[in-house]
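Student:
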Amino acid sequence: MWKDKEIVVPGDFLGTTEEFMLGRGVYDEEGNLYASLLGVVNISDRRVINVQPVVETPPMLAEGDVVIGRIEDIKDTVAIVSIACVKGKEKREIAASTPGVIHISNVKKGYVSELKQEFGYLDVVKARVIDIKTLRLSTEDRDLGVIKAMCMKCKGDLEKKGNVLTCERCRRVETRKISEDYGKGVI
Ligand SMILES: [Zn+2]
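With the working numbering applied, the sequence shown corresponds to residues 207 to 393, in that order.
1) Quick one: is S385 buried, meaning 16 or more other Cβ sit within 10 Å of its Cβ, or exposed?
2) Consider the C-beta atom of K293 and the heavy atoms of ligand 1; say whether any pair is separated by less than 8 Å.
3) Looking at C-beta atoms only, is the number of pairs between the stretch 238 to 251 and the stretch 283 to 297 that lie closer than 8 Å three or more?
4) Where R375 and K354 are concerned, what is the direct C-alpha to C-alpha distance, given to the nearest angstrom?
5) If you drop the 5 nearest sequence neighbours on each side, which residues of the same chain put their C-beta closer than 6 Å to that of K314?
6) Shortest alpha-carbon distance to V215 belongs to which of Y327, Y233 and L228?
7) Assuming A333 contacts G306 under a Cβ cut-off of 8 Å, what Cβ separation, rounded to an integer in Å, is found between them?
8) Whose beta carbon lies closer than 5 Å to any heavy atom of ligand 1, going through the chain in order?
9) Quick one: what does DSSP say G244 is sitting in, helix, strand or coil?
10) Let me make sure I understand the geometry here. Which of T381, T304, I249 and D251 has the alpha-carbon closest to that of V322?
11) Relative to the C-alpha of G316, which candidate in G231, R348 and Y388 has its C-alpha closest?
12) Over the uninterrupted beta strand (DSSP E) stretch that includes C357, give me the two end residues.
13) Note down the Cα distance separating I255 from E212, rounded to an integer number of angstroms.
14) Beta-carbon separation of P259 and G245 under 9 Å?
15) Assuming contact is defined by CB atoms lying nearer than 9 Å, are I274 and C291 in contact in what I supplied?
16) Along the chain, where does the beta strand (DSSP E) containing L233 start, and where does it finish?
17) Compare the C-alpha of R342 against each of E365, E224, L220 and L267 and name the closest.
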């Protein structure tokens, strides 16, 4: 017999329709109730049994972790990051289906007027997890930000020159929130 707040996996027997009313995340097979998803058992006062899904965050990620990812999209107020690995746990693959998000207020200290001045499409970034539930990331610290980028015009590698990035091939100059580890090949 399952109790309130216990974690169950799909197919776990929860009880019978004589004991409980069918809620969410539960299915009924000939009067027997089973969990249909991974989650936490919740039994209401009126004996409705539910399984509430466990928040879908990669199990090895925690707040404060530094992650490496790629900029997949840049919108007005957020940049979307597909997370590739966690610093210090590089050998473990991440099952992150949920992308990370860098809000315009978490890019750097000081005012940011346009996200496209700070990130480019497919840039490799290093960022810190500041909210695990929404996978919100920050690049405020000096070692965080873009660590590898390519020229938007000719796809050549960009090199750090002072506070900006320049293309060796076509001489284009681009701006980014550059990590102090830019181009070092280390994370
Ligand atoms: Zn170029």
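Note that CB positions come from ideal geometry on N, CA and C, so glycine has one too.
Note that the structure is a prediction, hence the values are computed from the model and not measured.
Tutor: Let me lay it out:
1) By the C-beta density criterion, S385 is buried, having at least 16 other C-beta atoms within 10 angstroms.
2) Because no heavy atom of ligand 1 lies under 8 Å away, the Cβ of K293 does not count as near it: no.
3) Touching, no.
4) Going from the Cα of R375 to the Cα of K354 covers about 16 Å.
5) Within the same chain, K314 has close Cβ partners E346 and K383.
6) V215 has its Cα closest to that of Y233, out of Y327, Y233 and L228.
7) Under the criterion of beta carbons closer than 8 Å, A333 and G306 qualify as touching, at roughly 7 Å.
8) Taken from the N-terminal end onward, the list reads C357, K359, C360, G362, C373, R375, C376 and R378.
9) Per the sequence presented here, residue 244 reads as Leu, with Gly not at that position. It is coil, neither helix nor strand.
10) The sequence shown places Lys at residue 322, not Val. Taking only the C-alpha atoms, the option nearest K322 is T381.
11) Checked all of G231, R348 and Y388; the closest Cα to G316 is R348.
12) Element bounds for C357: n/a, residue is neither H nor E.
13) Straight-line Cα distance between these residues: approximately 12 Å.
14) When the beta-carbon positions are compared, P259 and G245 come within less than 9 Å of each other.
15) One thing to note: I274 has its Cβ within 9 Å of the Cβ of C291.
16) Residue identity check: residue 233 is Tyr in the sequence provided, not Leu. The continuous beta strand (DSSP E) containing Y233 extends over residues V232 to E235.
17) The candidate whose alpha carbon is nearest that of R342 is L267.
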